[in-house]
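**Q** As given, the protein sequences belong to chains A and B, one line each in that order. If you read the first sequence in the working numbering, its first letter stands for residue 348, the second for the next number, and so on. If you read the second sequence in the working numbering, its first letter stands for residue 348, the second for the next number, and so on. Think of the CB as a built atom: it goes at the ideal place given N, C-alpha and C, for glycine as much as any other residue.
Protein chains: 2
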Amino acid sequence: MDTPPLLNETHDPSLKSWVESANDPATDFPIQNLPLGAFVMEHDGHRHAHLAVAIGDQVLDITSLAEAGYFQNDPDEEVRAIGRLPAWNAAMSVPGFIEKMRRRLQSFLRADGSGGQSARRLRSKVLRPIAETPLIRPAMNFNYTDFYASIHHATNVGTMFRPDNALLPNYKWVPIGYHGRASSIIPSGVEIRRPSGQTKADDAAAPVFGPCKMLDYELEVGVLVGASNRMGEPVSMGRADHHIAGLCLVNDWSARDMQKWEYQPLGPFLAKNFATTVSPWIVTREALAPFRCAAYKRPDGDPQPLEYLRDENNEQWGGFDITLEVHLISKSMREQNLPPLRVSRGSFRDMYWTFAQMIVHHTSNGCNLQPGDLLASGTVSGTSPDSRGCLLERTWEGTGKPRKPIELPTGEKRTFLEDGDEVVMTDWCEGGAGGHRRIGFGECRGTIASANA
Amino acid sequence: MDTPPLLNETHDPSLKSWVESANDPATDFPIQNLPLGAFVMEHDGHRHAHLAVAIGDQVLDITSLAEAGYFQNDPDEEVRAIGRLPAWNAAMSVPGFIEKMRRRLQSFLRADGSGGQSARRLRSKVLRPIAETPLIRPAMNFNYTDFYASIHHATNVGTMFRPDNALLPNYKWVPIGYHGRASSIIPSGVEIRRPSGQTKADDAAAPVFGPCKMLDYELEVGVLVGASNRMGEPVSMGRADHHIAGLCLVNDWSARDMQKWEYQPLGPFLAKNFATTVSPWIVTREALAPFRCAAYKRPDGDPQPLEYLRDENNEQWGGFDITLEVHLISKSMREQNLPPLRVSRGSFRDMYWTFAQMIVHHTSNGCNLQPGDLLASGTVSGTSPDSRGCLLERTWEGTGKPRKPIELPTGEKRTFLEDGDEVVMTDWCEGGAGGHRRIGFGECRGTIASANA
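Below you can see the structure in the form of structure tokens.
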């Protein structure tokens, strides 16, 4: 395949929208993006979920567009039914649905659109500012799997937790993953209560129970599964990409001191399951087509993946060229109206395994994925210190050396997160050969509240 | 507290039912049990889920009982609404609901019942033989956590996987658990396809991908969560038991050769998530009241649990006195009409941690449990070889010694499961001081199908 999958005229950078803010070169949400979201609307005294896409600084209310009859003569049943859905799960499980919806919505939103007078009259009724919209999770995430796909992250953390045995022998063969907790996945903006738990100092005879003292974020990219596979029926490399509905940002909050004491032999549990924040928009695989890139090139000496994880097309286009940033704002910074401090910038090109390989591995034993399942990449870290996606790595200078805190503009120092700190993650795709429009993910935010008394 | 929680006149062993099979002393389902179940019924060309309880060898169809108006004048709104529910989740999350429903149903089912003529007329319409009823999962299990609460199991497996480091230092402090996969929880009777995956021989340079060669069962008891807790709000020991709706049997199928290669550092993943079988009936906490017992008595020298995991009432009544058995039937045994072979018999009294402690630990960091969540105990193994709840332990005779296969009556031998083998788990409570009726769990069955070609 010479061009990335799904690249077509919907990515034409000259396409403009009558929503002026969508034409701003700096927006995350041009007409070429149209990420899937949802929000809560009160009517008839009840709270209803409305489906939406983002366009510039506005939300396009798809449920209201459907209720106004905009899709009523559509040839596709799934498109006609969209107004009745409480979440994107069912729709995004239908092959080809997102591409169809993308074209319908571009036709409604484009500046040169010929939707006629009735479409024009609808415009004011179906737009509302993102900033004033109570966004919720766009899809129900029934299952959550967290991978460990950055070899730089695995090597750094391995060195800290197991100095003699940093990168385990299975790492270059197995896309390591484990199950996370679906019930505590929360949308961007919900406060995170500092967890309490057992920790044990190396020189102590017994553990103690109390508030976490090494609270951390983890910068990750998540896949939302579209089409499911039946139990007992693995997904092949040739089909894996088709199971990706889209991507979002994930902050896999982590209690490092609790993790160290609890994680053997069955893996992280309470150190992770108190909260996982996801960004409110699913940036579709269709929107990301211009930013597909080669999979990570394994250095000489590394083994090639086993046959079931290998595919030429994956080598050429299995990656996503995404830039990721983490920003920090302390309570004092907020009070002094200081801007967030950028703590790191990394690239998703650096991941050792692609999402396609993670999907194939996950289903290789017959495990069934369901629409809306969240598969997160694991912490995205690169080779340079400022590309490390969590504080555990970011403030680490090597075995035996003291941690080097991050200095905030207020003079405060951070080795791990303090109460009142807000973490803001952002990521986006831009540049490349075709002069394509920037495709952004929006923000993934969370503020730390103090522990239960 | 001098008597177990919830013990009352609904456990009176002299209570009899007009359903004659329920009065058989050997039945799992006397009128004192009434476990929660569900089945599929076709009408109007659609498949509908009906709620049910088991009584003797019959299913009492609660949805039809409700549709016939039996609950229409009930003072409790939840009882009146029961006919509209697709699963038990919402109902069993309401405090006190199960006790109320238990009394309503006993009054309908008891031999000396005074339900009047109309109730008598309903009898034939709402009963159907269990053997002819397509049972489904009684509750949606949105989240699944698997614990590791048998110290005997942890010690045996630890010795095999880590000869120098069998029982890790955290075991006696932390009720170790990890997240399982909710999407692949299946009801009793559904076939299990042998998984494929990566395995690596100790002396091989590289892993290979292929069908699992060490397929195993794990005998476990599961809690179905009733009342939820809000995110950020831990459950205390004094309240933990109230979050248990009931118990079921769990077979946590395991691919041992895959597990050994993949499980470090983040825990078991593909070795477990291809299938987990649950028994079709939720035996309620209310029904189990006569069989509550003291928590495991820690031997001298073991530490006491930390304060947040300690409670006098838990010490006295936190346990469940359940006997558990595993039976095996090979394809040849089935063809020769031979009865199943009992492979093990164990007791749930031997568990190091109680379910109350598991619930408190799970929520101690603020993690939210949801109605219908499944918390499994981990493999139930005792001290004697014939009380070990999985083949990994059952056919193990010690480090460096060859495994000792189980001999089947056909002359076949089993170290691990072969294609066509069926595993049948059963468990029950009986005996004790009050002459209480036996309370059984029914069966948890699964047959191994061959791997994908």
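Round the Cβ separation of T670 (chain B) and D774 (chain B) to the nearest angstrom and send it over; I've been treating them as touching at under 8 Å.
**A** The Cβ separation is near 6 Å, so the contact holds.
**Q** Could you tell me whether the stretch 364-371 of chain B touches the stretch 401-417 of chain B, using the rule of 3 or more Cβ pairs below 8 Å?
**A** A contact exists between the stretch 364-371 of chain B and the stretch 401-417 of chain B.
**Q** Only counting runs of 4 or more residues, tell me where the alpha helix (DSSP H) segments fall wholly within the stretch 424-491 of chain B, in order along the chain.
**A** Listed in chain order, the complete alpha helix (DSSP H) runs (minimum 4 residues) inside the stretch 424-491 of chain B are 424-427, 436-439, 444-456 and 463-469.
**Q** Would you call the stretch 517-532 of chain A in contact with the stretch 746-764 of chain A, where contact means no fewer than 3 C-beta pairs closer than 8 Å?
**A** In short, these stretches do not touch, since the Cβ pair count stays below three.
**Q** Check for me: the alpha helix (DSSP H) holding A703 (chain B) runs from which residue to which?
**A** Unbroken alpha helix (DSSP H) run through A703 (chain B): F702 to T710.
**Q** CB-CB under 6 Å to E538 (chain A), same chain, minus the five flanking residues each way: which ones, in chain order?
**A** T794 and A796, listed in sequence order.
**Q** Note down the Cα distance separating S535 (chain B) from E446 (chain A), rounded to an integer number of angstroms.
**A** Computed Cα separation, rounded: 40 Å.
**Q** Compare the C-beta of D720 (chain B) with all C-beta atoms of chain A and state if any pair is closer than 9 Å.
**A** Yes - at least one Cβ of chain A is within 9 Å of the one on D720 (chain B).
**Q** Are L716 (chain B) and V572 (chain B) touching if we call contact CB-CB under 9 Å?
**A** Contact: yes.
**Q** Please classify T730 (chain B): is it buried, with 16 or more other beta-carbons within 10 angstroms of its beta-carbon, or exposed?
**A** When all chains shown are included, T730 (chain B) counts as exposed.
**Q** Against chain A, which members of the stretch 529-554 of chain B pass a CB distance test of less than 7 Å?
**A** Result list: A529, S530, S531, R540, P542, S543, G544, Q545, A553 and P554.
**Q** Beta carbon of D668 (chain A), beta carbon of F702 (chain A): below 9 Å?
**A** Not a contact, by the Cβ cut-off of 9 Å.
**Q** Run through the stretch 368-420 of chain A for me and flag every whole alpha helix (DSSP H) of 4 or more residues, listed as ranges in chain order.
**A** Runs found: 409-414.
**Q** Let me confirm a value: H358 (chain A) is counted as buried when at least 16 other C-beta atoms fall within 10 Å, else exposed. Which label applies?
**A** Buried is the call here.
**Q** My guess is that P382 (chain A) and T631 (chain A) are in contact by the Cβ rule of under 8 Å, so how many angstroms apart are they, rounded?
**A** P382 (chain A) to T631 (chain A), Cβ: 7 Å. Contact.
**Q** Against chain E, does W608 (chain A) count as a neighbour if the rule is that its beta carbon must be under 9 Å from one of theirs?
**A** The structure shown contains no chain E; its protein chains are A and B.
**Q** At which residues does the alpha helix (DSSP H) containing L738 (chain B) begin and terminate?
**A** Taken as a continuous stretch (DSSP letters only), the alpha helix (DSSP H) holding L738 (chain B) covers L738 to R741.
**Q** Could you compute how far the alpha carbon of N660 (chain A) sits from the alpha carbon of P351 (chain A)?
**A** Each residue's alpha carbon lies about 9 Å from the other.
**Q** Compare the beta carbon distance of K607 (chain B) and F508 (chain B) with 9 Å and say whether it is the shorter of the two.
**A** Yes, the pair counts as a contact, with Cβ atoms nearer than the cut-off.
**Q** Near E777 (chain A), what residues of its chain come up, given a Cβ to Cβ distance below 6 Å and the 5 sequence neighbours on each side ignored?
**A** Counting only Cβ-Cβ distances below 6 Å, and skipping sequence neighbours, we find R785.
**Q** If the cut-off is 8 Å on Cβ atoms, which residues from the stretch 477-490 of chain A count as contacting chain B, listed in chain order?
**A** Correct list: F489 and N490.
**Q** So if I threshold CB-CB distances at 7 Å, which residues from the stretch 509-526 of chain A count as touching chain B?
**A** Here the close residues are L515, N517, W520, V521, I523, G524, Y525 and H526.
**Q** Starting from the C-beta of K384 (chain A), find all residues in its chain whose C-beta is less than 8 Å away, skip the five residues before and the five after it, and write them out in chain order.
**A** Looking at the sequence shown, residue 384 (chain A) is not Lys but Gly. Here the set comprises L398, A399, V400, A401, V406, L482, P485, P627, W628 and I629.
**Q** Starting from S793 (chain B), follow the beta strand (DSSP E) in both directions and report where the run begins and ends.
**A** Before going on, a small fix: residue 793 (chain B) reads as Gly here, not Ser. Unbroken beta strand (DSSP E) run through G793 (chain B): I786 to A796.
**Q** Can you look up I498 (chain B) in the DSSP assignment and give me helix, strand or coil?
**A** Note: I498 (chain B) maps to helix in three-state DSSP.
**Q** Please report the Cβ distance between F788 (chain B) and D375 (chain B), rounded to the nearest whole angstrom; I am assuming they are in contact, meaning their Cβ atoms lie under 8 Å.
**A** The pair is a contact, with the Cβ atoms about 7 Å apart (cut-off 8 Å).
**Q** Taking G312 (chain B) and E565 (chain B) to be in contact with their CB atoms under 8 Å, please state how far apart those CB atoms are, rounded to whole angstroms.
**A** Outside the displayed range of chain B (348 to 800) lies residue 312 (chain B), so it cannot be described from this structure.
**Q** For N503 (chain B), which beta-bridge partners are listed by DSSP?
**A** Answer by DSSP bridge pairing: none, since N503 (chain B) is not bridged.
**Q** So, for N512 (chain B): in the same chain, excluding its five sequence neighbours on each side, which residues have a beta-carbon less than 8 Å away from its beta-carbon?
**A** Within the same chain, N512 (chain B) has close Cβ partners G505.
**Q** What are the partner residues of A602 (chain B), as DSSP defines its beta bridges?
**A** Note: A602 (chain B) sits in a beta bridge opposite B:L562.
**Q** Could you have a look at T757 (chain A) and say whether DSSP puts it in helix, strand or coil?
**A** Coil at T757 (chain A), not helix or strand.
**Q** Looking at the C-beta of M578 (chain A), does it have a partner C-beta in chain B at a distance below 9 Å?
**A** Yes, because at least one Cβ of chain B sits closer than 9 Å to the Cβ of M578 (chain A).
**Q** May I ask you to report which of helix, strand or coil DSSP gives L722 (chain B)?
**A** Here L722 (chain B) sits in strand by DSSP.
**Q** What residue ranges within the stretch 662-706 of chain A form continuous alpha helix (DSSP H) runs of no fewer than 4 residues, ordered along the chain?
**A** Those alpha helix (DSSP H) runs which fall completely within the stretch 662-706 of chain A and span 4+ residues are 678-682.
**Q** With a threshold of 9 Å between beta-carbons, can P595 (chain B) be considered close to chain A, or not?
**A** A small fix is needed here, since residue 595 (chain B) is Cys in this sequence, not Pro. It does not; no Cβ of chain A falls within 9 Å.
**Q** Helix, strand or coil: which one does DSSP assign to Y525 (chain A)?
**A** Looking at Y525 (chain A) - three-state DSSP - the assignment turns out to be strand.
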